[in-house]
Each structure stands twice: as structure tokens, then as C-alpha cells.
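Colleague:
2 protein chains.
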Amino acid sequence: MTAANSDLRAGEQIADLPASSDASVYFLGRLRTPWSERSQCPRRGDAETGPLCRVELDPRWREALAGLHRLRHLEILYWMHLARRDLVMQNPKSRGELFGTFALRSPMRPNPISSSVVTLVSIEAEGLVVRGLDCIDGTPLIDIKPMHCPMWPEHQDAVGRL
Amino acid sequence: MTAANSDLRAGEQIADLPASSDASVYFLGRLRTPWSERSQCPRRGDAETGPLCRVELDPRWREALAGLHRLRHLEILYWMHLARRDLVMQNPKSRGELFGTFALRSPMRPNPISSSVVTLVSIEAEGLVVRGLDCIDGTPLIDIKPMHCPMWPEHQDAVGRL
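Line by line, the protein sequences give chains Y and P. Following full-length UniProt numbering, the numbering of the first sequence begins with 1 at its first residue and continues without gaps. Following full-length UniProt numbering, the numbering of the second sequence begins with 1 at its first residue and continues without gaps.
(1) Tell me, to the nearest whole angstrom, how far the beta carbon of Thr-119 (chain P) is from that of Ala-47 (chain P); I am working on the premise that it is less than 8 Å.
(2) Once the 5 residues before and after Arg-109 (chain P) are set aside, which same chain residues still bring their CB inside 6 Å of it?
(3) With H, G and I counted as helix, E and B as strand and the rest as coil, what does DSSP make of Ser-106 (chain P)?
(4) Going by C-alpha to C-alpha distance, which of P:Arg-38, P:Leu-87, P:Ala-66 sits closest to Pro-146 (chain P)?
(5) When the Cα atoms are used, what is the spatial distance from Leu-52 (chain Y) to Val-129 (chain Y)?
(6) Taking just the CA atoms, how far does Asn-111 (chain Y) sit from Ala-64 (chain Y)?
(7) In the DSSP assignment, the beta strand (DSSP E) including Arg-54 (chain Y) goes from what residue to what residue?
(8) Thinking C-alpha only, which one of P:Leu-87, P:Val-117, P:Gly-96, P:Arg-30 is nearest Leu-71 (chain P)?
(9) Counting only C-beta atoms, is Pro-146 (chain P) closer than 8 Å to chain Y at any point?
(10) Against Thr-101 (chain Y), what residues of chain P qualify as contacts under a CB-to-CB distance less than 7 Å, listed in chain order?
(11) Using a threshold of 8 Å, state whether the C-beta atoms of Ala-103 (chain P) and Trp-61 (chain Y) are closer than that.
(12) Against chain P, with Cβ distances strictly below 8 Å, would Met-80 (chain Y) count as a contact?
(13) So if DSSP puts Ile-142 (chain P) in a beta bridge, which residue, or which two residues, is it bridged to?
(14) Check whether the Cβ atoms of Tyr-26 (chain P) and Pro-18 (chain Y) lie closer than 8 Å to each other.
(15) Since Ser-115 (chain P) is in the beta strand (DSSP E), which residue starts that stretch and which ends it?
(16) When DSSP labels each residue in this structure, what does Ser-6 (chain P) get in the three-state scheme?
(17) Within the same chain, show all residues whose beta-carbon is closer than 6 Å to that of Gly-160 (chain Y), passing over the 5 residues directly before and after it, in chain order.
(18) Ser-39 (chain Y) CB to nearest chain P CB: under 8 Å?
(19) Kindly identify the DSSP beta-bridge partner or partners of Phe-99 (chain Y).
(20) Going straight from the alpha carbon of Gly-132 (chain P) to that of Pro-42 (chain Y), what length do you get?
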């Protein structure tokens, strides 16, 4: 993605991206959310009180949902397709201070992969209904996993050995 | 990756992978662990008692570690470069039961991205020392983020608004 350097905020720094990439990603479907522009998105999804969103899965992958009904919380990985990838130092509006990219959960990162913990509300023919997403409508889906939070013992028990 | 179908376990099913991919990933460095073969790896890393491992970051990205010293737990994303990508139904050895790929945290998935929660032990010139990885030595690194576990309130406070 080409990004205009005039968009950089004070103190932000970029790296030269590598000349070639190393692996390739398939988009598995799309996330359907109430937000059509980035400025409307919440800062972070809320898996308890956030609005209902849909995870639309391409037909090729739907069989891979088998067994998901046993789970209550999922980790959804998605590709932040609008984010620039070359920032190493960022100046988040909300902080007033510079941070390295890896000290932030900003969508702008060398591999613009975001992860959200969502609550699974229902499983439908074309995918899932969940709460907890925070991305714009149409964001590409790249993975669905059982959530694993080692610091939350109740959850460890719920997921068992999945 | 070409994978022999003779390796499939009972009941396992595969999908035809799409003819083309949709996005590309940069490998940012390598994970250095004590395990040189998959059979030696623990089933899941332990961020408290696991062995010390290193996250080696390419020089291009090292500046992006600034501010990480404020964090104790990180989410590390890595590319499971040895895993086949076409499995939709899996028969995990440990379960004796078939599951859809998205109901498992198996490395075999359309986009073989794993995430581990690690404890940050120290920051060094070439990267990080952490506990909690579970992958083989040399696994490609694709992201480092502050951990976010919405169900663990103590952690929410620690990360603040990062």
C-alpha cells in the first residue's frame, strides 16, 4: 500500500519495507459490522456489550466450523487492509506520546493483522454472529480460533484441551 | 505447501485451496526456542514456567520495540511454516474425535498463524527474551503486540489504553 508521508504525525518514523514478502494469506470471508468508516469504529470491541456483527465465511471453509458450538469465546484474526505497514514509531492521538509499533495494538504494523476476542452468539449457514468486533464493514477475515487466555483460569477450564 | 494425503488421519477432510492468495506477509525475524523438531514442542507454551526463548528481530524493525519495557505480557504472532493449509476437519491425536479446523488451535489452518501469550523477561539489542513460546526453533515471527485479554481485569489496568 502506498501511503502519503504528509499523513505522518509529529515524531512518527517509517522503515523501508522489504523488497519482497515471505508468505501469502488467503482471505476466508468478510466481517460485517455497523461501521462503514474507520472514524466510526470503536477503539476496542466489547465482547459483552458490543453490537451484533457477522463473520461471513466463504463456502470453501464452512465445514471447518464443526464443533464451534462448544465454545463461548473466540479469537478472530483479520487483515487491516486500509492500514499503512511502514510505521515503526507512532504518535497515537489518544496518548500524546511516541511509541514503537510493537508497544501498540494499532492497526498500522508491518503485518496488519488484528485479533479480537468475541463472544459467539450463534452459528448460521453462512458463518457466525458475534459480539466484540471493532473494524469497518467488509474487513477481510483470516482466522477463527478458540480463545486462549492463560491468565483467566475459568476460561482455561471451559476450553479444556482444545 | 504440498502435503501428502497419505498423512491424513481417519476422518480428516481437506478443501481445495484458492487458486490465488489475497495479501502478503513479511517475516520480521525468527523465534529461537529449545526445540528443533515439532515432536519436541510442548502442546502449549507456559508464560510463567516455560523455558527462556528469544525473539530475534530484523534490524529494520528494532526501533519499533520502543516503549515495550512498560509491558509484562505480550502477544506474539508467528507463521507455522511447516503446517499444511488445506485441512477443514481434523482428528487431533489427543482427542479421539473430529473437529473443524476453526474449533482447534492446531497449527494446520488456511492461514497458519499462531498466537502465544508470553511474559517479557528482558529487552536486548537484537530482540526480546520471553517465556511462553511453544514452536520449533527458527519459526518466522510476524507480529508483537501488547497482550489484551478482556476477561482479565488486572491486565486491562496494566496495559491501560495502549
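Every residue gets a Cβ at the ideal spot worked out from N, C-alpha and C, and that includes glycine.
Modeller: In brief:
(1) 5 Å
(2) Thr-101
(3) coil
(4) P:Ala-66
(5) 7 Å
(6) 25 Å
(7) 52–57
(8) P:Val-117
(9) yes
(10) Ala-64
(11) no
(12) no
(13) None; Ile-142 (chain P) has no bridge partner.
(14) yes
(15) 113–124
(16) helix
(17) Any reading at Gly-160 (chain Y) must be qualified, since the residue scores a pLDDT of 42, below 50, and its modelled position is unreliable; the value itself is stated next. No residues qualify anywhere along the chain.
(18) no
(19) Y:Gln-90
(20) 30 Å
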